[in-house]
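The structure under discussion appears below in the form of C-alpha cells.
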C-alpha cells in the first residue's frame, strides 16, 4: 500500500509521463489536462464529500481505449475513478488526488434492441432516458427510472444499482442486467453473464459488478433485459392527517395483494417546498401526501380498490387523476421534490434509508423527532411501497453550527434505519458519504470478505480507491 | 494442496478422530457412520457423474451445529459436501471420497411469513412445496417451481439457482433471495443482503452465493421475497406440424408483448412417452405441442390473442382448457415428461441448454440432426418462453456403444447451444457433469476470476471440492 501511495504522489507532481503514455493509445481530444477543465470532473452531486484533484481526465470511445487506460494505470500505479454523468449522491464518482478520471460518457451507443429476446445491448455512456425512449419505439420498456433519468447514464446506474419510482413493481437496475463486458484493473477484458433469459454457469459475477461503484472493473458494455411496454399509468393522490396514517395505508395496500406501479410519499415540508418552487397547487394542509398508480389494463378499478384502503387508513381526501395529463402533473410534482427541498435553505443532505415497509411509520416518526432535536427542517420524500425513504436535511452551508447539526441528524437517521432492520442505502450507494456506516451494517466479517473480493479484482487498489470501505 | 490431499487420505482410512470431533458438538443421532447408510447419501440424480465414498454424514439441526461441523472440517482439513434433497441433475451434491456429507434436511423450519413486507424467512431444509403452500395460506406466492418441487429443498434451490415452469413470467430462484446467513468454511457466520425491498450497501454477496453449488459457504437461513398470489392460471395447448413452427409462435408471442405465466414445448417423442406412461390422450400426430398459460384477470382474452398468434405461425390445432381441472391435467402431462422419457430406454441424460429465444428453432432443428447422427432417441421438452431446453437423451446404460453415443450427443448439444449464443446450463448447474464445459463458456479470464473468488471464501478448498471447475 505504501508503495502505491508513493507512486501516486510522484504522479501528482509530474503528470507528464502519465499523459504521454495515455496519448500512446488515445487521441489528443480524449485526454484533458487543463486544470480548470479537469477540476470540473472532481465531484458528483453529493454534499459533504471530499474530492481530490485529478491528474488527467480521459474520454475513451472504444473498449480498446479503456483497456489502454487501465494498462497504463496499472503500469504506473495510478488510481482510476470511473465516471458516468456524475449525478450520484454519495461521492462514489469523486476524484482522488492524482487520479485518472475515466469518463465513459462518450461510449454512448445503443448497439442492439431485440424485441424477441427482449434485450438491449448498450455502451455505458448511454443516457437512461435515451435508452428508455429508444426501446419504447419497439414497444418495449426499460423500467429503472432514477430521478436523474434525463441525464444519468446506464453505466452509472449499473455502478450504483440505481432505483427510482418504478421499483415497487419492477425492481431496481440490478434486475435488468443480464451480462457485462468489463475491463479489469490490468486491462484484460472479461465477459460475465449472458443474453439468455436464464443461466447458471458459474458464480454470478454480473451481480457482483452491479452496485460495486467502479471499484472492481470498468463496465464497457451491458446486455439489459427489457419488458413489454405496459399501459400508461393512472395516478391517485391521497391526503393524510399524519405520516403514521399514510404508512398504515401503505401496509394495507401491500398486505392486500396490490402491486401499484408506484407508491410514493411526500410529507408536508416537501409538499410546501414543491408549491413554493412551482406553484403546483398541492394541498398544503395535509401532513402526508400519498401518490399511487397502476399501469394495468383497468387502472380505474385498481385505483378504486386502493383508494378504499387509503380511506380505511384514515385518508382525509382521495383524488384520482382524471387522465394521463393530470397523472403526469402529479408525478412531475413528485420528481421536483429534491430540487424544491434544496431551495428551502440552499443546501441539502439527502439520506437514503430503506426499512422493511412494516417499519416505515416508525422511521417517519423518528425522523420528525430527529428534526426537532436538532432544530432542523427535514423533508421526507419516500418510495413508500419499498420502505425506501429520502429524509432530506435542509440547511445553510454557511452556518457552521447548522451544518454540524445537519451532519449529525443525517447520521442519526441511518442509525434509526439500522435499528428498524433496514439498510443505510436503498439505491444511492455508499461512496465516501456512508463509508463508516457500511461496516455498521454488514459487520466485520462482511467487511473482511468484501475487501478480499476487491483484492481479487483489483490487487493494486487502483479502481476507485477509498470508496465503499 | 498436496498437504490437504494427504490429510484427506488419512481421514478416509481412520474416520475415528473426525467422528469423535464431530460428536463433540453434535448429538449421536445427527452423525451417521454406517457405510450402508452413508453410501445412500453419495449421489444426486445426475447420470454419468462420479461419486466418492463419504466418511460420515451429519444432519445438524442448528446454526451452531453447522458451525461446529465447519470448524471441525477446517481443523482436520476434511472436505464437506453440502446437500439438500439430492434432486439435482448435475452431480453437484455428489460425495467426494472421505468427505463429510452435510445434509441440511433437518433444518426445515419456516421461521416467518410476513404479508406486509412480503418476505419469508426459512431454514435451508424447507421443501419447496411446503413453503409454497404455507405462503399460499397468507395469500402469497413463492414462484420458483422446479419439477422436483414436491421434494427439493430451498437450500438446494439456492445452491443451483433453480428455475421451473414459472420463470418466463416470474424469473428464477435468484430473484427471490434477498438475504442469507452463511456459515463460512472456517465456521464463522456471515449475513448478506437484507429483508428490505431494496438495498445497495456493499457488494452483492447474496447473489454470489446463489448458484454457487455449496462451494463458497453453507446457507443456514434465507430471507425470500414473495409476491401476491395471482389468479389461477388457464392453459392452452397448440399443435404444430414442426418444431420450427412452434418456435416461430414463441417468437411471435414474446415480440407481441405477451407475458404468459408459462410457455412450454414438448416434442413428438416426449408426447408419445407421456402417453405411453400415463395414457394422457395427448395428440401423438403433432410434431410439437406448445402449452401456454395466463394467470391474469382475464386469461380467456389473453389466451385468445395468444391462440391467434399460434395460428398465424401455422398451428394445426389450438385448444384452450375449459377450466382449472383441464389446465391442471395439461400441466401434469408436462411435469411427467422427464420421468416418461426415462422409461423409454431405462436411462436418460438430461441436458439444460438455454439459448436466446430467437435462436430456439435452430437449437431444436440441431438436436434433431444430432439424434439422427448418433442414432439415438432424444426427446425435447423446453421452457420455450425462456429458450431453455432439456434435450433428453434416452439410452440403454447396459449398451456401452449406445452409452458412448449418448455422452457424445450430450456434449454436441452443449456445443450447439454455445454456438447459438446460449449457455450450457439454464437452471441445473455445472456440478461435475459440465465442469469441462464451464471454461468453454466463460473463457480463461472468467475461470481465473471465479477460482480466485472461491479462494477468498474457501482457502483450503474444503467446500464441495471438484465441482464447477
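Protein chains in written order, with full-length UniProt numbering: chain Y, 1 to 469; chain X, 1 to 469.
All C-beta atoms, glycine included, are put in the ideal place defined by N, C-alpha and C.
None of the values given here were measured: they were computed from a predicted structure.
- Could you please give the first and the last residue of the uninterrupted alpha helix (DSSP H) stretch that includes residue 450 (chain X)? Locating residue 450 (chain X) in the second chain gives position 450, where the first residue counts as 1. Taken as a continuous stretch (DSSP letters only), the alpha helix (DSSP H) holding residue 450 (chain X) covers 435-457.
- Message: So, with DSSP's three-state summary, where would you put residue 266 (chain X)?
- Response: Locating residue 266 (chain X) in the second chain gives position 266, counting from the first residue. Strand, per DSSP.
- Message: Here's the rule I'm using: 16 or more other beta-carbon atoms within 10 Å means buried, otherwise exposed. How should residue 6 (chain X) be labelled?
- Response: Against the second chain, residue 6 (chain X) aligns to sequence position 6. Confidence at residue 6 (chain X) is low in this model, with a pLDDT of 39, below 50, so its placement is unreliable and no value can be given for it.
- Task: Kindly list, in the order they appear in chain Y, the residues whose Cβ is closer than 7 angstroms to that of residue 356 (chain X).
- Result: As a working mapping, residue 356 (chain X) is identified with position 356 in the second chain. Residues of chain Y passing the Cβ test: 117, 195 and 196.
- Query: In chain order, what residues of the region 145-170 of chain Y put their CB closer than 9 angstroms to some CB of chain X?
  - Reply: For the region 145-170 of chain Y, the set of residues with a beta-carbon nearer than 9 angstroms to any beta-carbon of chain X comprises 160, 161, 162, 163, 167 and 168, in chain order.
- Message: Measuring straight from C-alpha to C-alpha, what distance separates residue 390 (chain Y) and residue 119 (chain Y)?
- Response: Within the first chain, numbered from 1, the residue matching residue 390 (chain Y) stands at position 390. Within the first chain, numbered from 1, the residue matching residue 119 (chain Y) stands at position 119. Using only the alpha carbons, I get a separation of about 31 angstroms.
- Partners in chain X for residue 251 (chain Y), counting only beta-carbon separations shorter than 7 angstroms: For the purposes of this step, residue 251 (chain Y) is taken as residue 251 along the first chain, with counting starting at 1. Chain X residues near residue 251 (chain Y): 116.
- Of all the CB atoms in chain X, is at least one closer than 7 angstroms to the CB of residue 2 (chain Y)? Numbered from its first residue, the first chain carries residue 2 (chain Y) at position 2. Since pLDDT at residue 2 (chain Y) reaches only 38, below the 50 mark, its modelled position is unreliable, and no value is offered.
- Query: How about residue 90 (chain Y) and residue 428 (chain Y): do their beta carbons lie closer than 7 angstroms?
  - Reply: By 1-based counting over the first chain, the position of residue 90 (chain Y) is 90. By 1-based counting over the first chain, the position of residue 428 (chain Y) is 428. Closer than 7 angstroms, so yes.
- Task: Can you check the region 398-426 of chain Y for any alpha helix (DSSP H) of at least 4 residues that lies completely inside it and give the ranges in chain order?
- Result: Within the region 398-426 of chain Y, the complete alpha helix (DSSP H) runs of at least 4 residues are 400-419.
- Of all the options Y:240, Y:242, Y:291 and Y:282, which has the alpha carbon lying nearest to the alpha carbon of residue 262 (chain Y)? For the purposes of this step, residue 262 (chain Y) is identified with residue 262 of the first chain, where counting begins at 1. For residue 262 (chain Y), the closest of Y:240, Y:242, Y:291 and Y:282 by C-alpha to C-alpha distance is Y:291.
- Task: Taking C-beta pairs closer than 7 angstroms, name the residues in chain X that residue 190 (chain Y) reaches, listed in chain order.
- Result: Locating residue 190 (chain Y) in the first chain gives position 190, where the first residue counts as 1. Per Cβ cutoff of 7 angstroms: 445, 446 and 449.
- Endpoints, beta strand (DSSP E) assigned at residue 320 (chain Y): Indexing the first chain from 1 puts residue 320 (chain Y) at position 320. Where residue 320 (chain Y) is concerned, the enclosing beta strand (DSSP E) stretches over 317-320.
- Message: List, in chain order, every chain X residue whose beta-carbon is nearer than 7 angstroms to that of residue 452 (chain Y).
- Response: For the purposes of this step, residue 452 (chain Y) is identified with residue 452 of the first chain, where counting begins at 1. Neighbours of residue 452 (chain Y) on chain X, chain order: 456.
- What number of angstroms, rounded off, separates the C-alpha of residue 219 (chain Y) from the C-alpha of residue 177 (chain Y)? To locate residue 219 (chain Y), count along the first chain from 1; it is residue 219. To locate residue 177 (chain Y), count along the first chain from 1; it is residue 177. Distance between the alpha carbons of residue 219 (chain Y) and residue 177 (chain Y) is about 11 angstroms.
- Closer than 7 angstroms, Cβ to Cβ, to anything on chain X: give me those residues from the region 370-394 of chain Y, in chain order. For the region 370-394 of chain Y, the set of positions with a beta-carbon nearer than 7 angstroms to some beta-carbon of chain X reads 386, 387 and 388 in chain order.
- Message: Quick check on residue 228 (chain Y) - is its C-beta less than 7 angstroms from some C-beta in chain X?
- Response: Locating residue 228 (chain Y) in the first chain gives position 228, counting from the first residue. For residue 228 (chain Y), the answer is yes, since a Cβ of chain X falls inside 7 angstroms of its Cβ.
- Message: As a quick exercise: from X:457, X:461 and X:52, pick the residue whose alpha carbon is nearest that of residue 183 (chain X).
- Response: As a working note, residue 183 (chain X) is residue 183 in the second chain. Nearest to residue 183 (chain X) by C-alpha distance, out of X:457, X:461 and X:52, is X:457.
- Item | Ordered list of alpha helix (DSSP H) runs contained in the region 146-177 of chain X, each at least 4 residues | Qualifying alpha helix (DSSP H) stretches, in chain order: 154-160 and 167-170.
- Task: With DSSP as the reference, label residue 390 (chain Y) as helix, strand or coil.
- Result: Taking the first residue of the first chain as position 1, residue 390 (chain Y) is located at position 390. Under the three-state reduction of DSSP, residue 390 (chain Y) is assigned to strand.
- Completely contained alpha helix (DSSP H) runs for the region 42-105 of chain X, where each covers 4 or more residues: Qualifying alpha helix (DSSP H) stretches, in chain order: 63-76.
- Taking the continuous beta strand (DSSP E) assigned at residue 383 (chain X), which residues delimit it? The sequence position of residue 383 (chain X) within the second chain is 383, counting from 1. Where residue 383 (chain X) is concerned, the enclosing beta strand (DSSP E) starts and stops at 377-383.
- Closest Cα partner of residue 275 (chain Y) within the set Y:330, Y:314, Y:238 and Y:306: For the purposes of this step, residue 275 (chain Y) is taken as residue 275 along the first chain, with counting starting at 1. Closest option to residue 275 (chain Y), judged by alpha-carbon separation, among Y:330, Y:314, Y:238 and Y:306: Y:330.
- Task: Please list, in chain order, all residues of the same chain as residue 421 (chain X) whose beta carbon is under 8 angstroms from its beta carbon, the five residues on each side excluded.
- Result: Translated into the one-based positions of the second chain, residue 421 (chain X) becomes position 421. Closer than 8 angstroms at Cβ, skipping near neighbours: 355, 356 and 359.
- Query: Three-state secondary structure (DSSP) at residue 228 (chain Y)?
  - Reply: Within the first chain, residue 228 (chain Y) is the residue found at index 228, counting from 1. Reduced to three states, the DSSP call for residue 228 (chain Y) is strand.
- Segments of 4+ residues assigned as alpha helix (DSSP H) that fall wholly inside the region 175-240 of chain Y: Those alpha helix (DSSP H) runs which fall completely within the region 175-240 of chain Y and span 4+ residues are 205-209.
- Task: Check residue 137 (chain X) in the structure and name its three-state DSSP category.
- Result: By 1-based counting over the second chain, the position of residue 137 (chain X) is 137. Here residue 137 (chain X) sits in coil by DSSP.
- Task: Please name the residues in the region 252-286 of chain Y whose beta-carbon is closer than 9 angstroms to at least one beta-carbon of chain X, in chain order.
- Result: Result list: 252, 254, 255, 256, 257, 258 and 259.
- residue 29 (chain Y) (DSSP reduced to helix, strand or coil): Sequence index remark: in the first chain, residue 29 (chain Y) carries index 29 (1-based). Three-state DSSP puts residue 29 (chain Y) in a helix.
- Query: Per DSSP, what kind of secondary structure is residue 37 (chain Y) in: helix, strand or coil?
  - Reply: As a first step, residue 37 (chain Y) is located in the first chain; it is residue number 37 there, counting from the start. The answer is helix: DSSP assigns residue 37 (chain Y) an H, G or I state.
- Query: Is residue 313 (chain X) buried or exposed, if buried means 16 or more other CB atoms sit within 10 Å of its CB?
  - Reply: For the purposes of this step, residue 313 (chain X) is taken as the residue at position 313 of the second chain. Here residue 313 (chain X) is buried: its Cβ has 16 or more other Cβ atoms, across all protein chains shown, within 10 Å.
- So, is the C-beta of residue 424 (chain Y) closer than 7 angstroms to a C-beta in chain X? Position 424 of the first chain, counting from 1, holds the residue named residue 424 (chain Y). For residue 424 (chain Y), the answer is yes, since a Cβ of chain X falls inside 7 angstroms of its Cβ.
- Message: Please report the straight-line C-alpha distance between residue 455 (chain X) and residue 26 (chain X), rounded to a whole angstrom.
- Response: Here residue 455 (chain X) refers to the residue found at position 455 of the second chain. Here residue 26 (chain X) refers to the residue found at position 26 of the second chain. Taken atom to atom, the span from the alpha-carbon of residue 455 (chain X) to that of residue 26 (chain X) is near 28 angstroms.
- Could one say the Cβ of residue 212 (chain X) lies closer than 7 angstroms to chain Y's Cβ atoms, at least one of them? Position 212 of the second chain, counting from 1, holds the residue named residue 212 (chain X). At a cut-off of 7 angstroms between beta-carbon atoms, residue 212 (chain X) makes contact with chain Y.
- Can you find a CB in chain X that lies within less than 7 angstroms of the CB of residue 429 (chain Y)? Taking the first chain and counting its residues from 1, the one referred to as residue 429 (chain Y) is at position 429. For residue 429 (chain Y), at least one C-beta of chain X is nearer than 7 angstroms to its own C-beta.
- So, does the CB of residue 303 (chain X) fall closer than 7 angstroms to a CB anywhere in chain Y? Working through the second chain from its first residue, we reach residue 303 (chain X) at position 303. Output row for residue 303 (chain X): interface = no.
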